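Heads up, the thing below is written out as structure tokens.
In this note's numbering, the protein residues as written are 4 to 89.
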């Protein structure tokens with residue numbers, strides 16, 4: 004916990020279960036106190052495939068998505084690791 008000129012800063016990092024993607028993956032939640040006693044949470048997922056590292060984030064989603072995020076991340080990583088298109 005720290006302070007800013009305006010107010011106290013209360014940020015937390017929580018390890019989350021990472022999806023089984025790429026050569027290696029890690030996930031964690033960054034949360035902080037927001038206005039009006041709300042909690043703002045960002046899920047960060049890092050995936051490594053060879054020398055490529057991708058960071059996907061779910062910025063302060065208010066509700067659970069109607070689809071599995073690991074499937075979306077897997078598709079994005081697949082697109083990024085494909086060779087150049089001609």
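Glycine included, C-beta positions come from ideal geometry on N, C-alpha and C. Here the structure is a predicted model, which is why all the values come from computation and not from measurement.
Taking the C-alpha atoms as reference points, what is the distance between residue 53 and residue 26? 7 Å
Terminal residues of the alpha helix (DSSP H) in which residue 72 lies: 72 to 84
So, residue 60 versus residue 51, is the Cβ gap smaller than 8 Å? no
Exposed or buried, what is residue 43 when buried is set at 16 or more other beta-carbons lying within 10 Å of its beta-carbon? exposed
Cross-strand partners of residue 19 (DSSP beta bridge): 30
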